[in-house]
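Per the working numbering: the sequence shown = residues 2 to 235. Data block below; observations after.
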Amino acid sequence: MVLTAQQLEAIMPDATQLESDEPEMESSQHYTQLMLLVICLEWLWRNKNDYFIGANLTIFYSRQHLKTKEFRGPDFFLVKDTQKQPRKSWVVWEENGRYPNLIIELLSDSTARVDRNFKKQLYQNNFRTPEYFWFDPETLEFMGFCLKQNGYEEIQPNQEGWRWSQELELYLGVDGGELRYFTADGKRVPTPEESAEKAITRMLKLGLSLEVIAESLDLPLSVVQQIANSANNN
C-alpha cells in the first residue's frame, strides 16, 4: 500500500527531531567539489527563493529507513518549487511527499559501488528522481542519467563531454578537474569570486580607480587591490 504524505506525517516522528547524521566527506577534494556545486548554483540563482539545496544532508523517507539507517543521504541534491529555508534534514513526509529533482553523488573508493548500484536503483525506483549524476573528483569519471518510463537512461554527452540537465537548464561538465555548470550557450557559471574578478578587471580597463571600483561592487578596498595586483601579474 502506498501512503499519502498526510498519512505518512501522521505515523512518523516529528521532523524537528530528525537531524542529519551524514559522515564527513571522504577528502578535502570531495569537500571542495561539493562546496563548488553549492556556491555556483546559489550565486546563479541568487534572486530565486523557490528551491532547496541539500549538501551531505540526510533524506528521511520511510519507517524502514528510520529503523535500519542503511541509506546515507546524497552528497548533493536539489528540490525545486519549495521554500528556501534552513533544514536539519529533508523529511519527505513533512515536505508534501517531495523527493529531489536532481541528485549528484561524488564517488570515492568506499562509496562508488553503492553509488553506481544500490543508490541508482533507489533513486530510480523509490525516489523517482528525474536526474541522477555521479562524479569522481580523483578519476574524473562522470555519468548522468534521466528518468524515462523504463528507468534511468544515460544522458548523452555533447562534444565537450558535458551532459545537459533539464532540471537545472544547465550543462554539467568537467573543467580543470572539477565538475562545473555551463549555460546553454557554453559559458561556465562562475563562483562569486570569479564573477568579482571579471568585473574588477573590466572596470580597471575602463580606467576606474580602485576606490570607485570597491564602492561600486561593495567590496573591501583590500580585496579589490589584491585582485588588481593579480591581474597585473598575469
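Glycine residues also receive a C-beta, built at the ideal position from the N, C-alpha and C atoms.
GLN227 - DSSP class collapsed to helix/strand/coil: helix
Hey, out of TYR153, LEU173, GLU168, whose CA is closest to GLY162's CA? LEU173
How should PHE119 be labelled, buried or exposed, when 16 other C-beta atoms within 10 angstroms of its C-beta is the threshold for buried? exposed
Please tell me whether LYS85 and PHE61 are closer than 7 Å, where the distance is taken between their beta carbons. no
Are the beta-carbon atoms of LEU211 and GLN227 separated by less than 7 Å? no
Going by the CB atoms, is the gap between GLU132 and ASP116 shorter than 7 Å? no
Quick one: any contact between the segment 195–212 and the segment 164–181, if contact means 3 or more CB pairs under 8 Å? no
For SER217, count neighbouring Cβ atoms within 10 angstroms of its own Cβ and tell me buried if that reaches 16, exposed if not. exposed
Pull the bridge partners of SER166 from the DSSP assignment, please. LEU171
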